[in-house]
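Written below as structure tokens is the structure these notes are about.
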Amino acid sequence: MAGAPARYLVFFQYFGTRYSGVMETKSDQALVGVQNYLEKAAEQLKPAAPIKFHISSRTDSGVHALANAAHLDIQRGPGRAPFTGPQLVQGLNHHLRPQPICILSAQRVSSTFHARFCALSRTYIYRLLLGCAHRSQIPVFERDLCWAPPGGPLDIPAMREAAQFLLGTHDFSTFS
């Protein structure tokens, strides 16, 4: 009989260019989600039960993440101790190669912890490259790391005015 599952909080990052986003997709699609690779790597750890990553925040196709969070429950076989955080990081990263996905850290958490609902904050970074009349003018090392809006100069005063509506704490529960 297998022991009780251990819940872990993991932080991970990825270069999202080749993925459909972070969430799991059907594996027959041309691009699949980062979650597909995370769960495939976790299955290589030979758990006693299938592993599902519960990711705190979604990203779209082509979007990168410096740090995203997820929780997962791992039930190991009889007589096998739960993974330590460093063991889990090393094992998952080994099985994620050569994908541009990396587990940054892992720690045991309470069985009531939920990565999405227990998140304290979320921070997003948007990189704009200005002054490029055509996509071919974007430096090769920036092509998948920024957005170059087409057209003329940006209306900075209008952008600042619009941004005022986003400042502060807001209840976005109606969007879930």
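The opening residue of the sequence shown carries number 1 in the UniProt record's numbering; numbering runs sequentially from there.
Just so you know, even glycine gets a beta-carbon here, dropped at the ideal spot from N, CA and C.
Bear in mind that the values here come from a model prediction, so they are computed numbers and not experimental data.
Report task. Identify every residue that forms a DSSP beta bridge with Ser-105. Result -> Looking up residue 105 in the sequence shown gives position 105. Phe-11.
Query raised in the report: If you compare alpha carbons, which of Gln-35, His-94 and Pro-86 is closest to Ala-70?
Result: Along the sequence shown, read from residue 1 onward, the residue named residue 70 stands at position 70. Closest by alpha carbon: Gln-35.
**Report entry** Spatial neighbours of Trp-147 in its chain, beta-carbon cut-off 8 Å, leaving aside the 5 residues before and after
**Finding:** Residue numbering aside, residue 147 sits at position 147 when the sequence shown is read from its first letter. Excluding residues within five positions, the ones whose Cβ falls inside 8 Å are Tyr-126, Arg-127, Leu-128 and Leu-129.
Query - Nearest-angstrom Cα separation, counted from Leu-45 out to Gln-107 - result: Within the sequence shown, numbered from 1, the residue matching residue 107 stands at position 107. Within the sequence shown, numbered from 1, the residue matching residue 45 stands at position 45. Each residue's alpha carbon lies about 16 Å from the other.
Report task. Measuring alpha carbon to alpha carbon, tell me which of Ala-81, Gly-33, Ser-111 and Ala-115 ends up nearest Gly-16. Result -> Here the question's residue 16 lines up with position 16 in the sequence shown. Scanning Ala-81, Gly-33, Ser-111 and Ala-115 for the CA closest to the CA of Gly-16 turns up Gly-33.
Report task. Below 8 Å CB to CB, which residues in the same chain sit around His-114 once its five sequence neighbours on both sides are set aside? Result -> Sequence index remark: in the sequence shown, residue 114 carries index 114 (1-based). Apart from the 5 residues on each side of it in sequence, His-114 sits with its Cβ closer than 8 Å to the Cβ of His-54 and His-71 in its chain, given in chain order.
Query raised in the report: Which residues mark the beginning and the end of the beta strand (DSSP E) in which Ala-65 is found?
Result: Numbered from its first residue, the sequence shown carries residue 65 at position 65. Note, Ala-65: beta strand (DSSP E), 65-74.
Requested in this report: Assign Ser-121 to one of two classes, buried (16 or more other C-beta atoms within 10 Å of its C-beta) or exposed (fewer than that).
Outcome: Locating residue 121 in the sequence shown gives position 121, where the first residue counts as 1. Exposed, since its Cβ has fewer than 16 Cβ neighbours within 10 Å.
**Report entry** Within the stretch 95-166, ranges of the alpha helix (DSSP H) (whole runs, at least 4 residues)
**Finding:** With a minimum length of 4 residues, the continuous alpha helix (DSSP H) runs that stay inside the stretch 95-166 are 156-163.
Query raised in the report: Leaving out the 5 sequence neighbours to the left and right, which residues in its chain are closer than 7 Å to Phe-165 when beta-carbon positions are compared?
Result: Counted from its first residue, the sequence shown places residue 165 at position 165. So the list is empty, once near-sequence residues are dropped.
**Report entry** Cβ shell of Ser-56 (< 6 Å), same chain only, five flanking positions each side left out
**Finding:** Stepping through the sequence shown from its first residue, residue 56 is reached at position 56. Excluding residues within five positions, the ones whose Cβ falls inside 6 Å are Ala-69, Ala-115, Arg-116 and Ala-119.
Report task. Could you round the C-beta distance between Tyr-37 and Ile-101 to whole angstroms and report it? I think they count as a contact, below 8 Å. Result -> In the sequence shown, residue 37 corresponds to position 37, counting from 1. In the sequence shown, residue 101 corresponds to position 101, counting from 1. Your pair Tyr-37 and Ile-101 checks out as a contact, with CB atoms roughly 6 Å apart and the cut at 8 Å.
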